[in-house]
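Student:
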Amino acid sequence: MSENILILGATSAIARGTAAAFAARGDNIYLASRDEEELKRIAADLTVRYGVKVSYGLFDAAATDTHPAFFQAVLKEMQELNGVVLAFGLLGDQQAARDFSVAEKIITSNFTGAVSILSLCANYFEPLKRGFIIGISSVAGDRGRQSNYVYGAAKGALSIYLQGLRNRLFPSGVRVVTIKPGFVDTAMTFGLPGLFLVATPQHIGKQIVRTLSKSADVVYLPGFWRYIMLIIKHVPEVIFKRMKM
Ligand SMILES: NC(=O)c1ccc[n+]([C@@H]2O[C@H](COP(=O)([O-])OP(=O)(O)OC[C@H]3O[C@@H](n4cnc5c(N)ncnc54)[C@H](OP(=O)(O)O)[C@@H]3O)[C@@H](O)[C@H]2O)c1
1 MSENILILGA
11 TSAIARGTAA
21 AFAARGDNIY
31 LASRDEEELK
41 RIAADLTVRY
51 GVKVSYGLFD
61 AAATDTHPAF
71 FQAVLKEMQE
81 LNGVVLAFGL
91 LGDQQAARDF
101 SVAEKIITSN
111 FTGAVSILSL
121 CANYFEPLKR
131 GFIIGISSVA
141 GDRGRQSNYV
151 YGAAKGALSI
161 YLQGLRNRLF
171 PSGVRVVTIK
181 PGFVDTAMTF
191 GLPGLFLVAT
201 PQHIGKQIVR
211 TLSKSADVVY
221 LPGFWRYIML
231 IIKHVPEVIF
241 KRMKM
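Residue 202 in this note's numbering sits at position 202 of the sequence shown, and the numbers go up by one each step.
Written as structure tokens, this is what we have:
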């Protein structure tokens with residue numbers, strides 16, 4: 001039976017891949033992001049390709065005071081929700097993030113805004129005793145590195161938040177999955193030096209939807225990133241602080 005899925009940050013390349021994978025299994029989608037024209041294009045494309053119902057609406061993760069009204073509008077349009085995918089995020093410029101005003105934007109776009117909207121989603125699913133929340137965090141949240149520690153700290157906080165939310169919602173039968181992608185070929189990583197083993201957003205999107213048929217709570221994508229991060233996490237700090245990462 002088809003489900004109703006809300007995708008937050010729907011203009012992201014990974015979100016597009018994920019929306020396509022949900023639509024391919026016949027699900028109805030609500031796309032939410034800050035760019036209405038792009039949402040319209042993505043919605044038209046999904047409708048033509050998969051023949052599912054696709055709605056869309058404006059959503060700014062940083063405008064937390066608008067989130068309750070936004071979520072009510074989504075429920076009004078979809079009648080009910082079965083799942084939510086949180087895909088928005090901002091890598092930002094680590095050099096510029098030495099300035100707190102820039103760092104704050106990165107923290108809001110990856111963490112504070114996520115807590116705001118996911119609180120509403122969790123409070124909606126909990127009494128229904130069903131549903132899922134998929135949060136896209138990052139391997140960057142596993143260890144602080146000089147090249148992206150503001151982004152990494154925000155993603156690390158998001159991973160911990162999702163972990164606690166999973167713990168809270170488990171008795172209600174609501175599933176919370178944390179996705180930790182490695183390098184993915186998207187606008188976020190375009191032109192960055194030192195990328196390796198780069199995955200396509202289409203592949204990652206399909207894998208995100210596949211996690212729902214498995215039982216894992218924290219999923220590294222592609223899977224080999226679990227082992228790369230295991231090594232990185234175990235490098236002693238006395239060595240790690242001397243490394244250029
Ligand atoms: N690409 C990678 O290698 C990689 C690796 C690990 C994790 N991730 C995570 O995967 C997720 C998807 O990223 P992506 O690689 O697909 O990057 P992307 O194509 O650059 O997408 C990022 C998305 O976040 C949205 N966004 C940023 N700030 C927002 C805000 N305040 N409110 C609403 N939307 C906002 C952007 O919307 P606008 O178009 O309106 O700016 C954009 O759609 C992100 O959470 C990212 O951190 C990516």
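Every residue gets a Cβ at the ideal spot worked out from N, C-alpha and C, and that includes glycine.
Since this is a predicted model, take the numbers as computed values, not measurements.
Whole angstroms is fine: what's the gap from P193's alpha carbon to M245's?
Tutor: To locate residue 193, count along the sequence shown from 1; it is residue 193. To locate residue 245, count along the sequence shown from 1; it is residue 245. Looking at the two C-alpha atoms, the distance is approximately 11 angstroms.
Student: Classify H234: buried if its beta carbon has 16 or more other beta carbons within 10 angstroms, exposed otherwise.
Tutor: The residue you call residue 234 lines up with position 234 of the sequence shown. It counts as exposed.
Student: Going by the DSSP bridge assignment, what does G89 pair with across the sheet?
Tutor: For the purposes of this step, residue 89 is taken as the residue at position 89 of the sequence shown. In the DSSP output, where bridge partners are listed per residue, G89 has none listed.
Student: For the beta strand (DSSP E) holding K180, just list the boundary residues, first then last.
Tutor: Within the sequence shown, residue 180 is the residue found at index 180, counting from 1. Unbroken beta strand (DSSP E) run through K180: R175 to P181.
Student: Between the Cα of I179 and those of K155, L197, G191 and Y50, spot the shortest distance and give me the residue it belongs to.
Tutor: Looking up residue 179 in the sequence shown gives position 179. Cα-wise, what sits closest to I179 is K155.
Student: According to DSSP, is F190 helix, strand or coil?
Tutor: Walking along the sequence shown from the start, residue 190 turns up at place 190. Coil at F190, not helix or strand.
Student: Given 7 angstroms as the limit, tell me if F111 has its C-beta closer than that to any heavy atom belonging to ligand 3.
Tutor: Ligand 3 is absent from the structure shown, which contains only ligand 1.
Student: Can you tell me which of the three DSSP states E84 falls into?
Tutor: Translated into positions along the sequence shown, residue 84 becomes position 84. Reading off the sequence, residue 84 comes out as Val, not Glu. Strand.
Student: Taking 7 angstroms as the line, does the beta carbon of D35 fall inside it for any heavy atom of ligand 1?
Tutor: On the sequence shown, position 35 is the one that residue 35 refers to. Checking the Cβ of D35 against ligand 1 gives yes.
Student: In three-state DSSP terms, what is S12?
Tutor: Taking the first residue of the sequence shown as position 1, residue 12 is located at position 12. Here S12 sits in coil by DSSP.
Student: Between which residues of its own chain and E126 is the CB-CB distance below 7 angstroms, once the five residues before and five after are set aside?
Tutor: As a first step, residue 126 is located in the sequence shown; it is residue number 126 there, counting from the start. Taken in chain order, the residues that qualify are L169, S172 and V174.
Student: DSSP on L46, reduced to helix/strand/coil?
Tutor: Position 46 of the sequence shown holds residue 46. Three-state result, L46: helix.
Student: By how many angstroms is the C-alpha of L81 removed from the C-alpha of E36?
Tutor: As a first step, residue 36 must be located in the sequence shown, where it is residue number 36. As a first step, residue 81 must be located in the sequence shown, where it is residue number 81. Taking the straight line from one Cα to the other gives about 21 angstroms.
Student: I'd like the list of long-range same chain contacts for S116, defined as Cβ closer than 8 angstroms, with 5 residues on each side in sequence excluded.
Tutor: The residue labelled residue 116 in the question sits at position 116 within the sequence shown. Cβ neighbours of S116 beyond the five flanking positions: A61, T64 and H67.
Student: Rounded to whole angstroms, what is the Cα-Cα separation between K241 and R145?
Tutor: Taking the first residue of the sequence shown as 1, we reach residue 241 at position 241. Taking the first residue of the sequence shown as 1, we reach residue 145 at position 145. Answer to the nearest angstrom: the Cα atoms are 9 angstroms apart.
Student: Give the range of the beta strand (DSSP E) segment to which G51 is assigned.
Tutor: Looking up residue 51 in the sequence shown gives position 51. Note, G51: premise wrong, no beta strand (DSSP E); not H, not E.
Student: V48 to G223, Cα distance in whole Å?
Tutor: Walking along the sequence shown from the start, residue 48 turns up at place 48. Walking along the sequence shown from the start, residue 223 turns up at place 223. About 32 angstroms.
Student: Roughly how many whole angstroms lie between the Cα atoms of F70 and L6?
Tutor: Mapped onto the sequence shown, residue 70 falls at position 70. Mapped onto the sequence shown, residue 6 falls at position 6. Rounded to whole angstroms, F70 to L6 spans 12 angstroms at the Cα level.
Student: Quick one: residues in its chain with C-beta nearer than 6 angstroms to the C-beta of W225, no 5 flanking neighbours on either side, listed in chain order?
Tutor: Indexing the sequence shown from 1 puts residue 225 at position 225. Counting only Cβ-Cβ distances below 6 angstroms, and skipping sequence neighbours, we find V139 and G182.
Student: When DSSP labels each residue in this structure, what does V209 get in the three-state scheme?
Tutor: Mapped onto the sequence shown, residue 209 falls at position 209. It is helical.
Student: Of all the options S12, D93, Q79 and E3, which has the alpha carbon lying nearest to the alpha carbon of G191?
Tutor: Numbered from 1 along the sequence shown, position 191 holds the residue referred to as residue 191. Closest by alpha carbon: D93.
Student: Determine the closest residue to S33 out of L230, A43 and Q207, with distance taken between C-alpha atoms.
Tutor: Working through the sequence shown from its first residue, we reach residue 33 at position 33. Nearest of L230, A43 and Q207 to S33, Cα basis: A43.
Student: Which value, in whole angstroms, describes the spacing of the CA atoms of G51 and G26?
Tutor: In the sequence shown, the residue the question calls residue 51 occupies position 51. In the sequence shown, the residue the question calls residue 26 occupies position 26. Approximately 8 angstroms, taken between the alpha carbons.
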